[in-house]
Amino acid sequence: MNYWLVKSEPDTYGWHHFTKQGRAVWDGVRNYQARNNLRLMQLGDQVLFYHSILNPGVVGLATVVRESYPDPTFPDASAPARWFVVELEPVMALAKPVTLAQIKAEPMLAAIGLIKQSRLSVMPIRPDEFELILKMGMTGEAGSV
DNA sequence: GCCAACGTTGGC
DNA sequence: GCCAACGTTGGC
Numbered sequence: 001m002n003y004w005l006v007k008s009e010p011d012t013y014g015w016h017h018f019t020k021q022g023r024a025v026w027d028g029v030r031n032y033q034a035r036n037n038l039r040l041m042q043l044g045d046q047v048l049f050y051h052s053i054l055n056p057g058v059v060g061l062a063t064v065v066r067e068s069y070p071d072p073t074f075p076d077a078s079a080p081a082r083w084f085v086v087e088l089e090p091v092m093a094l095a096k097p098v099t100l101a102q103i104k105a106e107p108m109l110a111a112i113g114l115i116k117q118s119r120l121s122v123m124p125i126r127p128d129e130f131e132l133i134l135k136m137g138m139t140g141e142a143g144s145v
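Counting from 1, position 82 in the first sequence corresponds to residue 82 in UniProt numbering; the numbering is continuous, with no gaps.
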């Protein structure tokens, strides 16, 4: 079991779009490092869903329901696949979003990729980091999809 | 709107 | 292969 964090701008594709749709093809990734991370995702991996730009923070939990395959939105279908997608499904909303400010203020999260590589849109999360963020997000009533 | 970080492109 | 120019992301 691996843990990941994916970013999305809430204006473009936010948690609400995701839960309404029920399942998302995570397409449009055009960064090699992010692409490599996508390709490492396995069925059942846990994925933190992060809103960037507007009220930045982790808002929900998702899971990998289909492993990587060539990105159908990439125009050149004749060339060897260069970009890939996975499919994700929502698991639950966090009762309270874990804001970027909270993450930055937490010493145990000082090494998290979110801070160290602020522009990367798909990144691995350590199990301890994952557990802590989930715990921080679960204070209060449990969220639901 | 501004700026820092950083990835990509293209000239040499 | 190096590096300057440029574009994009994302925080504030």
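Backbone N, C-alpha and C define an ideal beta-carbon position, used for all residues, glycine too.
Please read all numbers here as calculations on a predicted model, not as lab measurements.
Between the region 19-39 and the region 112-128 there are three or more C-beta pairs closer than 8 Å, enough to call the two in contact. Proximity of the region 61-75 to the region 99-109 falls short of the contact definition, fewer than three beta-carbon pairs being nearer than 8 Å. If you draw a straight line from the Cα of N2 to the Cα of G44, it is about 8 Å long.
Partner residues in the beta bridge of H51, as assigned by DSSP, are S8, G57. Setting aside the 5 residues that flank it on each side, W26 is surrounded in the same chain by V85, V86, L88, each with a C-beta closer than 6 Å to its C-beta; the list follows chain order. Secondary structure at R39: helix, using DSSP grouped into helix, strand and coil. Each residue's CA atom was taken as its position, placing I115 and A101 some 10 Å apart.
Residues Y3, Q46, L48 of the same chain have their beta carbon placed closer than 8 Å to that of F130, with the five preceding and five following residues left out of the count. In the three-state DSSP reduction, F74 falls in the coil class, being neither helix nor strand.
G22 is classed as exposed because its beta carbon has fewer than 16 other beta carbons within 10 Å across all chains shown.
In the structure shown, T99 falls within a strand segment according to DSSP collapsed to helix, strand and coil.
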